[in-house]
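Here the numbering used here is used: the first residue of the sequence shown is -18, the next is one more, and so on.
For every residue, glycine included, the Cβ atom is placed at its ideal position computed from N, Cα and C.
Computed from a predicted model, the values in this text were never measured in an experiment.
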Amino acid sequence: MPPLLAETKTTDLFIRKVNDMISANNISLRVGKKALFEDVNIKFTEGNCYGLIGANGAGKSTFLKILSGQLEPTSGEVAITPGQRLSFLQQDHFKYDEYTVLDTVIMGNKRLYEIMKEKDAIYAKADFTDEDGIRASELEGEFAEMNGWEAESDAATLLNGLGIETDLHYSQMADLTGSQKVKVLLAQALFGNPDILLLDEPFGALDVITRSEMQDWLLAMRARLNRTVLLVTHDMDEAIYLSDRILILNPAPAGIVSEIRIDEKKRDRNWLYEQGALRKTISQKIKGF
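In structure tokens form, the structure reads like this:
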């Protein structure tokens, strides 16, 4: 059997495989004179889950924002393989309170949602003009190319799979519980089958039982869909359970100082409980030993 654990130490870490989905090239981020990141290089490859872990203040969430395009680095660039779609799990649980659950999920594909709403507005006009007809025809063509007619059923399938029952699909987000909102936002991130999924503490607000259920769901989803996932977590067991690669960040100026590879494919809770040596290794690396 191949070893379950392999480690690489480097300040400029390149993980090489056949397909690099997203890469950070010479990323630096400075606030005033303080360097938060300095010349970080890393390539994330197809089908792997990367757990980003480190001490508080190591810049895990900031790094994910740079990768998603929400935060511009001072220098360097983020490159995504052409044609690959990236999705980022929303952290604001109140952002969509005025929308229905189903609409919130479909917003995961921004362009598709814009087309749907523009079409509805045109067809609702009392004074429908020839120009409106031409525009509607253009939108219908783009809508069909994006499989828009399946959008609601695809969103419903995702929601049902996450435990959001059908009778809640047309409810307002404001009427949902906190754990239900997290599930809806995860469905939004997954809508349209993104190739790269960025998750920043996705289950931190959930109770222990729901959190375990969602971890199991994500593990099964990854095995089925072979997506590239980047997961920021403060939970060492969550990182071990879900990740193929654990990347340990040091404090500012932050960088990836260690990679721990986990090759075990058949995981369950009993396997997780047996990973005492791996927990110790990760803890030592976080502390700088």
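Practice prompt. Rounded to whole angstroms, what's the CA-CA distance from residue 94 to residue 133? Just pull it up for me.
Written response: 11 Å
Fill in: residue 2 versus residue 109: straight-line alpha-carbon distance, rounded
45 Å
Worksheet item: Based on Cα-Cα distance, which residue from 224, 74, 100, 52 lies nearest to residue 12?
Response: 52
Fill in: Length at least 4, wholly inside the stretch 119 to 160: the alpha helix (DSSP H) runs in chain order
132 to 142
Worksheet item: Count the other CB atoms within 10 Å of the CB of residue 90; is the residue buried (16 or more) or exposed (fewer)?
Response: buried
Worksheet entry | Sequence-distant residues of its chain with Cβ nearer than 6 Å to residue 10 (five each side left out) | 17, 18, 54, 55
Worksheet entry | Exposure label - residue 226; buried when at least 16 CB within 10 Å | buried
Practice prompt. Output yes or no for whether 8 Å exceeds the beta carbon distance between residue 168 and residue 136.
Written response: yes
Practice prompt. Go through its chain and collect everything with a Cβ distance to residue 220's Cβ below 6 Å, but skip five positions before and after it.
Written response: 32, 34, 214, 227
Discussion item. In this structure, how does DSSP classify residue 224 when only helix, strand and coil are distinguished?
Written reply: coil
Discussion item. Mapping the DSSP letters down to three states, classify residue 36 as helix, strand or coil.
Written reply: coil
Discussion item. Helix, strand or coil for residue 60? Go by DSSP, reduced to three states.
Written reply: strand
Worksheet item: How long is the line joining the alpha carbons of residue 206 and residue 107, rounded to whole angstroms?
Response: 45 Å
Worksheet item: residue 95 lies in the beta strand (DSSP E); which residues open and close that run?
Response: Element bounds for residue 95: not the beta strand (DSSP E) but the alpha helix (DSSP H), 91 to 104.
Worksheet item: Among residues of its own chain, excluding the 5 on either side of residue 243, which ones have a beta-carbon nearer than 8 Å to its beta-carbon?
Response: -15, -14, 221, 224, 225, 226, 227, 259
Fill in: Reduced DSSP secondary structure (H/G/I, E/B, other) of residue 236
strand
Worksheet item: Out of curiosity, what's the CA-to-CA distance linking residue 130 and residue 65?
Response: 22 Å
Discussion item. Can you tell me where the beta strand (DSSP E) holding residue 69 begins and where it ends?
Written reply: 67 to 69
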